[in-house]
Amino acid sequence: MMSAANLLLWLALVAPLLLGLLAWWRPPRHMRGVALAGGVLPLATLWLLPRAGEGALHGSLSLAGLSLHWRLDALSALLLLLTQLVLLASAAYAVGHRRAALPPEATHARFWPLLGGLVLALGLIWVAADLLLLYAGLELMGLCAVGMMLLPGKAEAIRAGLRYLLYALVGSLAWLLGVTLLLGAWGTLELAGLAAVVEPDVTTRIAMALLTGGLLLKAAIFPLHGWLVPVHSSAWTPVSAMHGALVVKASFFILITLWRLLLPEAETAAGALGLLGGSAVLWGGLKAWRADSLKQVVAWSTVGQLGYLMLLFPLLAGTAASVATLAWQATWLQLAGHALAKAAMFMAAGNLMLSTGASRLSGLAGTSRRLPLSLMTFGIAAVTLMGLPPSAGFTAKWLLMQASLQSGQWLWVVVLVLGTLLTAAYVFRVLRCSFVEEAPRHDFQTLPRGMDLVPLLLALAAVGLGLVAEWPLSLLRQGGVP
Amino acid sequence: MTSITLILLALLCLIDRHLRRACLAFIVFALVMSYTWWQLSVPWLAVVEALLGALLTGTALLHALGRAGDVPRLPQRDATKQRVGEAPARWFAALAWLSLAGLALVGLLRSGRLPLEGDADPTLMPAGLLVMALGLWAFSHHRHLLRRLLAFNVLGSGVFLLLAGLAGPGPQVQGLILVGLAVALVGSVLGVMLLRRLYALEGSVTLEPEGDP
Amino acid sequence: MSASFFPVATLATSLAAAAIIFLLPEGAVRARTGLNLGAAVLKIGLVAWMVRGLSQGQAYAVEFPVLEGLAFVLRADALGIMFAGLSSLLWLFTTIYAIGYLEDSPNRRRFFGFFSLCVASTLGISLAGNLFTFLIFYELLTLSTYPLVAHRGTPKALAAATLYLRFTLTAGLVLMIGMVALHTLAGDIRFGQREILAEFGPEQRGVLIAIFWVLIAGFGVKAALVPLHGWLPRAMVAPAPVSALLHAVAVVKAGAFGIVRLVYDVYGAEFSQALGLLTGLAVIASVTILYASLRALAQVELKPRLAFSTVSQVSYVVLGVGLFGPLGTIAALSHLLHQGLMKITLFFCAGNYAEELGIHRIDELDGAGRRMPLTSLAFSVGALGMIGVPPLVGFLSKWYLGTGAVQAGMPWVIAVLVVSSLLNAAYFLPILYRLWFCPGPDHGVGTWPEERHLGRFETSSWLLLPMLATALFSVMAGLLAGMPFSPLEWATRVANLEYLP
């Protein structure tokens, strides 16, 4: 009974796992192979996009009396496309990483099925219309992410991984308790059905509080971000790229979906979430500014940048429709731009660290002469993070600012301004170190060309997205805005 | 009756500093959980619980203490010292969690909307709440990673009990519990593997580096 | 077809040049030089073609939506093409100069790559058709000039670059807030759609006035209006061609040009006058002119003196904007071009003194006129122009400013002009005196700080020729001011568009 489009969607969802298992058995040796095998996925999603906008793609899977609902709307299709692009980039980069960083063969092989599982989980989260399916996706994602983080096997990686694991497990129990309360009170797990019957009473609020707590923990939103930075400091570069770009955002996606459906009018809570976001922007920026290893700068920057996404809550709850539309577009644009740029930045930082053999900022001296391409990539990715034109970050900031001004919520304008200045401060601190001409070094490792090319393309995509933003945003608007 | 047994076993499992005994207590606890599902007439879930919860998770936890190859054995007793007033944020989060859950249950009972079916055990909910409280306490209190893993498993079981008590043993509840059990198993296995590696590399059994205040 | 082709091609020329330069290896000096010069010449050709087309009534515009109700617009109008012409002409000369100046120095790929990017941004600024597009290139300009200021990698250069960023990035944000606020209020205003804001009722005027000053604060940093000028003298550590381009064309002019656009094409001169905004601008400009001239007087080094002179001279543009009436407008627009020509000449000269003789301080210039006569001649032309000696271009600017002040009913501005001209003379004439009349090493008194013999003539011809060309242009712009396509004539044309119905 499955239509061709539905079949294709599920093939596109499951294919990464199958490819990952294949790669486990026989790890790819050339980026070309990866690009060819993975390149089909975005094409499939592009074909599905117009159909998703029409709302034609939804359905349910029945398993022993239990039906799991799913739907593919414009937003999920775009996120799926984004996931596949970042996947493609990370996979291609991982091939080069293996040649340059020489990890143990067996450990490297384990990367692939975990990557496949992670992408399957992300796909499930984007299409899930059901708390149970969301739960399964969330858990699969969390476990695959922990597994990937642990691949380096050093003591600090293990400690970071254990911390992440414990946080993630407890976070998912908080989530499960919230789901329990919702199921107990309203008797359904299907999102649309739940939205139809739910009333904003005490139980719903408490359930949402628990769900939110669990998700904030998984999304590393301030003040529950403690696990994120240590985890990145020791992880492999392609893993960090995938994690910083998408994994933390999946939790945010679930969070906003739930709030929008279940408590759309809760202005106080939304304001509180916005304040958390604002604090995240400031705190993440400050810590990134003070960090002294390159990877920590990038990881703290993730903490800060996630804060911008949280500003959607106060701009969505109880505001005029035009404000909500602006903020809605801004957030997804920001998410996409940040995903591409952050993946690029992790890879560029990884390249710099791999070539120089140093991880501290002072070790970057002279790189502007010796490794201009990696540094340039870092800079272009930073343009998006700083929200300078014409990047996606800029266009998103413009929209966010417009929404804040239009709704009279001035505080968020202040947050945007300070966040931008802090981002510029830490980015240019890195660039400044690279401009230092003294202390010449001569032992730079040369990396495979593809390792420079992949992040450069990602960074350019993030910048270009700002100019062609109307294409995804018009799809978003068609697909319905709150 | 089963509820009281569950609470006692959870308590036993969480306060015992002798780790092997604590793990054994957890296995018995999981078996009683399995019996609970049997009583609720979901036999397949009982089998899954016995298999995933008791057999596999239990084995994984015991494996942490066992001897495997040339890896040094973990000490059999938890010798870490607990300090009063440590990690206030953790305690705060645990208290908030518990009070929120309690409040929500009271709200639900008051509203009278609970679809309590005839065959549902009325003691499941309070038992779940208590088991959850024990798990939360242990998770915030202990520093030994194996004990924290135990606490996490107990906490999870508490949530399952609450789930079954609130919503009855429908297919959706079974689905949720099934996913939860699988996650707990994979999480425990990962955690145990990591703990062994950490101990082998650094001789530490806690998240805080050894010698850290 | 050609309507959208030319603006895009002009912009793409510099962007493509930047991209290819980044891809070329560091050692490919010949290819890079050829590419640089080829792109510069090609761009002048494209701009000249558009100037011709515009004067024949053709329109050049291209746009596409970036967001709902907000478009990316490139449009060549008379005002924009004027600025584009200036920047592409001076780019050619600065490129030639930079090739000579940076011979055998490291990191030339990076330098020329960002240099091209910087020019692309300036061109984008001049062709931008609305505030949004303007902001895009304005910020791109900030980014592309950072590596140029930090180019030498010394602690001093890095500190100056950081200071520069602090000023300009903050200004960019302030500008963005103002633009978003204006957009929220009035939607996407294309440059020239002055009627949109003029139709707002009196109850909105307070907001409009506030937004105006926010935007002026944003533009004012790059235009180096006092007290937002602090970055400019410090940025003098950059290599001479960068100083020449930053100070004559790119950065400070972008700020001034932004103010011109804001007053004439967004608010409209009449509406700005009605809101009482122009008087404020004139006051700020006057303060800047006098304060910076006084500061220039106190400098003992050549480049900082020129820098403060820039701060003061750029404000003539703002002053002209502040004088309501066609004459003030003509003064503002023509000075935008005149100051560019004169100041770039002066910086080229300062660079030549430093390169050939190692001179940085003014008191080291004694007798340099004998050793480097052509450079000193060019310097004299620039300096006398700045003072406003007829028939050089500076005189024209000041003449129109004075008559404009009378027309606008602000006679006090004439006093400002007189005082500032006296100050200009006070800080330029001593230099000329030292150059020509004081005995120096070539007369057997003392030695040059660090003499090098860079070329057959008084210095390398790469350094000499562009300087002579710009000096010649600034003389001709004054002598031939009445001819078609002279800066003054074109400025008059733009002013007529603004004021005649």
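Chains as they are written, first to last, in our numbering: chain P, 1 to 482; chain C, 483 to 695; chain L, 696 to 1196.
Backbone N, C-alpha and C define an ideal beta-carbon position, used for all residues, glycine too.
Rounded to the nearest angstrom, what separates residue i and residue j at their Cα positions?
i                      : j                      : result
residue 970 (chain L)  : residue 904 (chain L)  : 7 Å
residue 1076 (chain L) : residue 1037 (chain L) : 8 Å
residue 743 (chain L)  : residue 958 (chain L)  : 26 Å
residue 653 (chain C)  : residue 139 (chain P)  : 19 Å
residue 614 (chain C)  : residue 256 (chain P)  : 28 Å
residue 499 (chain C)  : residue 587 (chain C)  : 33 Å
residue 869 (chain L)  : residue 690 (chain C)  : 45 Å
residue 700 (chain L)  : residue 771 (chain L)  : 11 Å
residue 600 (chain C)  : residue 331 (chain P)  : A caution first: residue 600 (chain C) carries a pLDDT of 48, below 50, which makes its placement in the model too unreliable to give a value.
residue 762 (chain L)  : residue 585 (chain C)  : 46 Å
residue 577 (chain C)  : residue 130 (chain P)  : 29 Å
residue 719 (chain L)  : residue 795 (chain L)  : 19 Å
residue 1 (chain P)    : residue 124 (chain P)  : For residue 1 (chain P), the predicted structure reports a pLDDT of 44, less than 50, and the residue's modelled location is therefore unreliable. The matter cannot be settled from this model.
residue 394 (chain P)  : residue 459 (chain P)  : 14 Å
residue 766 (chain L)  : residue 748 (chain L)  : 24 Å
residue 1108 (chain L) : residue 270 (chain P)  : 55 Å
Taking the alpha carbon of residue i as the reference point, which residue from the options has its own alpha carbon closest?
i                      : options                      : result
residue 665 (chain C)  : P:176, P:182, P:180          : P:176
residue 925 (chain L)  : L:861, L:1008, L:840         : L:861
residue 170 (chain P)  : C:649, C:683, C:544, C:620   : C:620
residue 1106 (chain L) : L:978, L:1002, L:859, L:1087 : L:978
residue 134 (chain P)  : P:258, P:304, P:477          : P:258
residue 628 (chain C)  : C:593, C:528, C:484, C:541   : C:541
residue 127 (chain P)  : P:14, P:187, P:167, P:225    : P:14
residue 932 (chain L)  : L:1033, L:919, L:1046        : L:1046
residue 4 (chain P)    : P:218, P:286, P:57           : P:57
Identify whether residue i lies in helix, strand or coil by the three-state DSSP scheme.
i                      : result
residue 823 (chain L)  : strand
residue 130 (chain P)  : strand
residue 1060 (chain L) : coil
residue 1181 (chain L) : coil
residue 770 (chain L)  : strand
residue 146 (chain P)  : helix
residue 224 (chain P)  : coil
residue 846 (chain L)  : coil
residue 545 (chain C)  : helix
residue 512 (chain P)  : No information on residue 512 (chain P) is available, as it lies outside the stretch 1 to 482 that chain P covers here.
residue 59 (chain P)   : strand
residue 415 (chain P)  : helix
residue 756 (chain L)  : strand
residue 816 (chain L)  : helix
residue 500 (chain C)  : strand
residue 69 (chain P)   : strand
residue 898 (chain L)  : helix
residue 436 (chain P)  : coil
residue 885 (chain L)  : strand
residue 761 (chain L)  : strand
What whole-angstrom Cβ distance do residue i and residue j have, given they're in contact under 8 Å?
i                      : j                     : result
residue 1227 (chain L) : residue 726 (chain L) : Within the shown structure, residues of chain L are numbered from 696 to 1196, placing residue 1227 (chain L) beyond reach of any answer.
residue 497 (chain P)  : residue 72 (chain P)  : Outside the shown range of chain P (1 to 482) lies residue 497 (chain P), about which nothing can therefore be said.
residue 950 (chain L)  : residue 915 (chain L) : 7 Å
residue 391 (chain P)  : residue 339 (chain P) : About 13 Å separates the two Cβ atoms, so there is no contact after all.
residue 841 (chain L)  : residue 953 (chain L) : Not really, about 19 Å apart at Cβ, beyond 8 Å.
residue 705 (chain L)  : residue 734 (chain L) : So it is not a contact: roughly 11 Å between Cβ atoms.
residue 187 (chain P)  : residue 208 (chain P) : Residue 187 (chain P) to residue 208 (chain P), Cβ: 17 Å. No contact.
Exercise. Three or more beta-carbon pairs under 8 Å between the segment 1006-1021 of chain L and the segment 1121-1136 of chain L, yes or no?
Worked result: no
Exercise. Should the segment 507-514 of chain C be called in touch with the segment 462-473 of chain P, which here means at least 3 C-beta pairs below 8 Å?
Worked result: no
Exercise. At a cut of 8 Å, does the segment 237-248 of chain P reach the segment 82-97 of chain P through at least three beta carbon pairs?
Worked result: yes
Problem set entry | Stretch-stretch touch, CB-based, cutoff 8 Å, three pairs: the segment 797-810 of chain L with the segment 883-902 of chain L | The segment 797-810 of chain L makes no contact with the segment 883-902 of chain L, as fewer than three CB pairs between them are under 8 Å.
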